[in-house]
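**Student:**
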Amino acid sequence: MVIAALPLVRLFMQKERGAAAKAQLMELVNDELGLLAALIGTLFILWDKPLADPIAAIIVATIIAINGLRLFRENLCFLLGRSPGPEFLARVESLARSVDGVLGVHDLRAEYVGPGTVHAGMHIQVHRGLPLEEANHIAEEVRRQVQQVTGCGYCIIHVEAAEPKALSLAEKTTAGLTGA
Ligand SMILES: [Zn+2]
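Rendered as structure tokens:
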């Protein structure tokens with residue numbers, strides 16, 4: 532009986548260390564329950580009660596299945612690209628708009644690609660006829676701001692020329708400010 536229990540005890544010790552290292556209390560409890568069921572099943576076999584072994588196996592399988600489903604459910608939102616929420620998007624948009632030379636922001640998107648990791652993308656509008664180097668500099672500044680303030684992992688910025696209507700509006704505002 533002691534010989535049969537030895538590998539279980541050793542397994543129990545290993546599992547306990549692994550779970551403790553990950554600091555996952557639920558994992559530890561599940562492992563303990565599973566191992567306890569396996570140990571009881573083994574003991575019943577030694578005591579000539581063979582039916583207890585398949586019952587213990589079913590209990591162990593159920594615990595593992597529940598554990599797996601729980602982990603799957605926890606990670607599903609990350610696999611499917613959960614949105615970080617409207618507050619996050621509003622913050623990114625206002626950051627982008629605060630950068631000099633940005634006349635408009637649209638098609639802003641952001642999604643979780645892992646726990647605490649967000650990837651974002653947006654279109655920014657700059658003045659028509661702006662040299663490529665300057666447009667690129669504006670895009671880099673938007674990316675730098677967004678990554679620095681939000682901790683966003685990856686930020687794709689598509690630069691486009693502002694439509695004539697938006698441009699004339701922006702110019703009027705600038706002229707008005709300069710004239711004032
Ligand atoms: Zn666009």
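The numbers in the working numbering rise by one with no breaks, and the one at position 94 of the sequence shown is 625.
Yeah, the Cβ is synthetic: ideal placement off N, Cα and C, and Gly gets one too.
Rounding to the nearest angstrom, what Cα-Cα distance links residue 552 and residue 591 in this structure?
**Tutor:** Translated into the one-based positions of the sequence shown, residue 552 becomes position 21. Translated into the one-based positions of the sequence shown, residue 591 becomes position 60. Residue placement at residue 552 cannot be trusted, given a pLDDT of 42 that sits under 50; the coordinates are not used to answer.
**Student:** Please find out if some non-hydrogen atom of ligand 1 comes closer than 7 Å to the beta-carbon of residue 638.
**Tutor:** As a position in the sequence shown, residue 638 is number 107, starting the count at 1. Because some heavy atom of ligand 1 lies under 7 Å away, the Cβ of residue 638 counts as near it: yes.
**Student:** According to DSSP, is residue 650 helix, strand or coil?
**Tutor:** Within the sequence shown, residue 650 is the residue found at index 119, counting from 1. Of the three classes helix, strand and coil, the one that applies to residue 650 here is strand, per DSSP.
**Student:** Does ligand 1 have even one heavy atom less than 7 Å from the beta-carbon of residue 654?
**Tutor:** In the sequence shown, the residue the question calls residue 654 occupies position 123. Yes, Cβ of residue 654 sits closer than 7 Å to a heavy atom of ligand 1.
**Student:** Does any heavy atom of ligand 1 sit closer than 7 Å to the C-beta of residue 650?
**Tutor:** Your numbering for residue 650 matches position 119 in the sequence shown. Answer for residue 650: no, Cβ out of range of ligand 1.
**Student:** Using a Cβ-Cβ cut-off of 8 Å (strictly less than) and excluding sequence neighbours within five positions of residue 622, which residues of its own chain qualify?
**Tutor:** Against the sequence shown, residue 622 aligns to sequence position 91. 680 and 681.
**Student:** Return the first residue and the last residue of the beta strand (DSSP E) that residue 692 is part of.
**Tutor:** Working through the sequence shown from its first residue, we reach residue 692 at position 161. Unbroken beta strand (DSSP E) run through residue 692: 685-692.
**Student:** Pick helix, strand or coil for residue 579, following the three-state DSSP scheme.
**Tutor:** For the purposes of this step, residue 579 is taken as residue 48 along the sequence shown, with counting starting at 1. Here residue 579 sits in coil by DSSP.
**Student:** Apart from the five residues just before and just after residue 693, which ones in its own chain have a Cβ nearer than 8 Å to its Cβ?
**Tutor:** Here residue 693 corresponds to residue number 162 of the sequence shown, with the count starting at 1. Same-chain partners within the cutoff: 634, 635, 656, 657, 658, 659 and 701.
**Student:** Could you give the distance in angstroms between the alpha-carbon of residue 690 and the alpha-carbon of residue 624?
**Tutor:** As a working note, residue 690 is residue 159 in the sequence shown. As a working note, residue 624 is residue 93 in the sequence shown. One C-alpha to the other measures close to 14 Å.
**Student:** Between 630, 585, 672 and 565, which lies nearest to residue 595 when the distance is taken from Cα to Cα?
**Tutor:** Position 64 of the sequence shown, counting from 1, holds the residue named residue 595. Ranking 630, 585, 672 and 565 by Cα distance to residue 595 puts 565 first.
**Student:** Ligand 1 and residue 658: does the residue's C-beta get closer than 7 Å to at least one heavy atom of that ligand?
**Tutor:** Residue mapping note: residue 658 aligns to position 127 of the sequence shown, counting from 1. The answer is no for residue 658.
**Student:** For chain C, check one thing: does any of its Cβ atoms lie closer than 8 Å to the Cβ of residue 579?
**Tutor:** Here there is only one protein chain, and chain C is not present.
**Student:** Beta strand (DSSP E) containing residue 640: first to last residue?
**Tutor:** Along the sequence shown, read from residue 1 onward, the residue named residue 640 stands at position 109. 635-645 is the extent of the beta strand (DSSP E) around residue 640.
**Student:** Taking only heavy atoms of ligand 1 into account, decide whether any of them is closer than 7 Å to the Cβ of residue 691.
**Tutor:** On the sequence shown, residue 691 is found 160 positions in, with the first residue counted as 1. Flag set: Cβ of residue 691 near ligand 1.
**Student:** Taking the DSSP output, what are the residues bridged to residue 669?
**Tutor:** To locate residue 669, count along the sequence shown from 1; it is residue 138. In the DSSP output, where bridge partners are listed per residue, residue 669 has none listed.
**Student:** Closest by CA to residue 676, which one among 637, 646, 589 and 631?
**Tutor:** Working through the sequence shown from its first residue, we reach residue 676 at position 145. That would be 631, whose Cα lies nearest to the Cα of residue 676.
**Student:** Taking the Cβ atom as the reference point for each residue, do residue 612 and residue 649 lie within a distance shorter than 8 Å?
**Tutor:** For the purposes of this step, residue 612 is taken as the residue at position 81 of the sequence shown. For the purposes of this step, residue 649 is taken as the residue at position 118 of the sequence shown. Cβ atoms of residue 612 and residue 649: not closer than 8 Å.
**Student:** Give the straight-line distance between the Cα atoms of residue 712 and residue 593, rounded to the nearest whole angstrom.
**Tutor:** Outside the modelled stretch of the chain, which goes from 532 to 711, sits residue 712, for which no answer is possible.
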